[in-house]
Amino acid sequence: MCQCRVRLKEAWLRPLWYPVYQHRTMLSCVGALLALLLTACSTTGGSSGSSSASLSGGKAISGKTILFEIQSTPSDSFFVPVVNGARAAAAITGLKLEIEYASNDDTTEVNQVRSAIARRVAAIAVTIPDSALNQTVCEARAQGIPVVAFNINGASGEGARCVQAFIGQDFVQSGMLIAQRMIDDGLIKPGDHVFCPVESPTQVYAVERYAGVVQALKAIGASCEELGTGVDYAPARAKMVSYLLGHPNTSAIIALGHTPLDQAPAATEQVHRKIPIGGFDITPDILQAIKSGVITATVDQQPYQQGFYAVMELALYLKYGLAPSSINTSNGALIDKSNVDQVLSLAGTYR
Amino acid sequence: MEHQHLPMITERTPAGRRADSGRRYRIQQSGLEILILFLLVQVASIIYGVISPDTFAYVSPANIQTALEAIPLLGIPALGVGTLMIAGEFDLSIGANYIFSSIIMAQLAENGLSVWLAALLGLGIGAGIGLLNGVITLRLRIPSFITTLGTMGIWDAATLFIHGASSQPFNPPPEFAAVTAGLFGIIPAEFLWFLALSIVFWALLHQHRLGNHIFAVGGNKYAAEENGVPGNRAKLIAFGLTGACAALAGILAAAQIGNIAPSSATDLPLQAIAACVIGGLTLSGGRGTVLGMALGAALIYWIQDVLLLLGAPGFYLSAFVGVLIIGAAAIYEQLRRRQS
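If you read the protein sequences in the order shown, they are chains A and B.
Numbering of the first sequence is given in the working numbering, commencing with residue 1 and proceeding in unit increments.
Numbering of the second sequence is given in the working numbering, commencing with residue 1001 and proceeding in unit increments.
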């Protein structure tokens, strides 16, 4: 007998049409060709910043350029709300955004930032995955260019001192937050074995979230094991199913990234087990699973804030000399059944 | 094992060339070595799974179903990549093709086009991308490695231009879902597609004249063409098949997951090549079997599955898998050398 295994989903999630590329001319040619072939697909663009300033007094900053450097790829959907937040702040302050993607390559990121320093950009907002950018951020500061890190700050030593502020999640605290929530709900008990899948176990976000989760679990005598799943949903689900079958003592899942959290409900369903699930970040499916009670809660990084405040703090520094301040964008930002409805309508754009 | 070498190149008449183009240039391989390796893993796993079902859930329906869902998503692209490798070429753009074709298909379907027609268009786009790789490679006479490295970037960017970076949901109607991601008992539809395609590729490569030409042109293109084999045509068809396979895998994955993330499938090209090498294909072309491609893809999955079921530490899983992939390839190479 043929059974359908594809879950019905609501069709509310619309594609986001926005420019996420730098070489627009070349892409326009490719896109025009494709548009002829695929008339059912529409294409639209967007502006890269606005000149309508609404801040008064201080120095004139309208039209000045900020480098908004992202270490990931243009296809990383996590950064969609980050960029939206940055654009909103640029529109308010009249700054011009120059968005660049390093495609997860330190050398590319260093070169892009150095090139921006040479072009004398007014300020730099940058994701710093590791210490490779230490020297570069200090070069920028030496040239009088303010630097704020967002999303991730892996700068160390002198480099850490050159970064004026970090706008992003406190990963360790967030790890403790979700683990403690599940302990408080009675979903994790002393002696329990918790499964902690994550896309890339060696990345700073994974290491620190794991440290936070372990800290909370250790306090009650529970343990947690990581598994690298990668970013592809289908293989991630298959790996998680194998793990759950090989570790029948697993009593809870805390997924340290959105890929394993998105696939955790399907994986537990496939092994016919009801295991409490919690984790980090949001996707439409994660929110639906929270709504239906399959996922207990997720820690939201509030990525829109990361882009918005990174640009806004730089604008205030340039205009009024206000020193940038670090912000933990996940300060108690748990999404659970009580507040998921508000998030659902904003996912992918503002959340 | 019989090794049939290409004849010496001499001046030939057109009629003579036509006659030679029908010669059998396949280096005879049975894929027996990879089959033995595969069966050893299976027999050992099944015996242990039956003896100790509580600690090693290998024969549980959930594990079997998951494996049969996961393997085709690598196995189907591996069939295309393997055919192209036998023809002496590579395609590094299959990951970008997989995403682009499936996102276009899902967008068209979500915008009201018949999902069947959308899927056909997706397959057509995939095949078209493959053919374009072939035309660029053969016309400009540049290595396919370089061509497809370039087109990988172009199709990645095209996905962003057409769709953006957000995930594309895909909610197919039940009849389409049943055919692409349904369950027939505990056998997933994806696996039946993989099985059917493997048979088609076996017939094409090992029984049809086109397969003979693909082996010939991969072994020695110059000699093959001197003997009347239409080398460029064979390569072009192999490129097209590779693109179509990547698109089909993307469509099946979209139906299985209900979502397509533009950032995914970046590892697919290298994984597919690894599956083919484990399956006995050579990077220099002209050798290989469809059985090897299929079992190579299955072994990559099963190595990881067995380790996880045995409770191997998840943090170091990639190291175990890496060592075992090299080990499997080395054992296979030794077996093959001994037999030659």
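The beta carbon of each residue, even a glycine, is placed where N, CA and C say it ideally should be.
- In this structure, the CA atom of residue 268/A is about 26 angstroms from the CA atom of residue 76/A.
- Rounded to whole angstroms, residue 252/A and residue 192/A show a C-alpha spacing of 8 angstroms.
- The continuous stretches of alpha helix (DSSP H) do not include residue 197/A, which lies in the beta strand (DSSP E) extending over residues 193-198.
- The DSSP-derived three-state label of residue 255/A is strand.
- Look at residue 1188/B here: in three-state DSSP terms it is strand.
- Collapsing the DSSP output to three states places residue 270/A in a helix.
- With three or more CB-CB distances shorter than 8 angstroms, the region 176-183 of chain A counts as touching the region 324-338 of chain A.
- Taking 8 angstroms as the upper bound on Cβ-Cβ separation, chain B lies near residues 225, 226, 227, 228, 230, 231, 232, 233, 234, 235, 237, 238, 239, 241, 242, 243, 245, 246 and 247 of the region 224-247 of chain A.
- Residue pairing from DSSP leaves residue 91/A without any beta-bridge partner.
- Per DSSP, the continuous alpha helix (DSSP H) segment holding residue 1222/B begins and ends at 1221-1226.
- With three or more CB-CB distances shorter than 8 angstroms, the region 1304-1313 of chain B counts as touching the region 236-245 of chain A.
- In the three-state reduction of the DSSP assignment, residue 1089/B falls in the coil class.
- Uninterrupted beta strand (DSSP E) stretches at least 3 residues long and entirely within the region 124-162 of chain A occur at 147-153, given in chain order.
- For the pair residue 59/A and residue 319/A, the CB atoms are nearer than the 7 angstroms cut-off.
- Against chain B, the CB of residue 213/A has no partner CB under 7 angstroms away; the residue lies outside that interface.
- Note that the C-beta distance between residue 1245/B and residue 1079/B is below 7 angstroms.
- Here the C-alpha atom of residue 68/A lies approximately 10 angstroms from the C-alpha atom of residue 116/A.
- Shown here, residue 78/A sits in coil according to DSSP, grouped into three states, outside any helix or strand.
- For residue 264/A, same chain residues with a beta-carbon under 6 angstroms away, outside a window of 5 residues either side, are 253, 255 and 277 in chain order.
- Identification of residues in the region 61-81 of chain A having a C-beta nearer than 9 angstroms to some C-beta of chain B yields 72, 73, 74, 75, 76, 77, 78, 79 and 80, given in sequence order.
- Selection 215/A, 214/A and 199/A evaluated against residue 239/A yields 199/A as nearest (Cα-Cα).
- Residue burial annotation: residue 1259/B is buried, with at least 16 other C-beta atoms found within 10 angstroms of its C-beta.
- Per DSSP, the continuous beta strand (DSSP E) segment holding residue 168/A begins and ends at 165-168.
- Taking 7 angstroms as the Cβ-Cβ cut-off, the region 1231-1264 of chain B approaches chain A at 1253, 1255, 1256, 1257, 1258, 1259, 1261, 1262, 1263 and 1264, given in chain order.
- Within chain A, the C-beta atoms nearer than 7 angstroms to that of residue 1156/B come from 75, in chain order.
- Contact annotation: residue 291/A and residue 340/A have beta-carbon atoms nearer than 7 angstroms.
- Counting only Cβ-Cβ distances below 7 angstroms, residue 1305/B has contacts in chain A at 242, in chain order.
- The three-state secondary structure of residue 1331/B, taken from DSSP, is helix.
- In this structure, residue 159/A keeps its C-beta atom at 7 angstroms or more from the C-beta atom of residue 126/A.
- In terms of Cα proximity to residue 311/A, the closest of 145/A, 110/A and 150/A is 150/A.
- Taking each of 247/A, 289/A and 344/A in turn and checking the Cα distance to residue 261/A, the smallest one comes out for 289/A.
- Residue 143/A counts as exposed, since fewer than 16 other C-beta atoms from the protein chains shown sit within 10 angstroms of its C-beta.
- Residue 258/A places its beta carbon less than 7 angstroms from that of residue 283/A.
- DSSP, reduced to helix, strand and coil, places residue 1244/B within a helical segment of the structure shown.
- Spanning the alpha carbons of residue 1291/B and residue 101/A requires a straight line of approximately 41 angstroms.
- In the displayed model, residue 275/A falls within coil according to three-state DSSP, outside both helix and strand.
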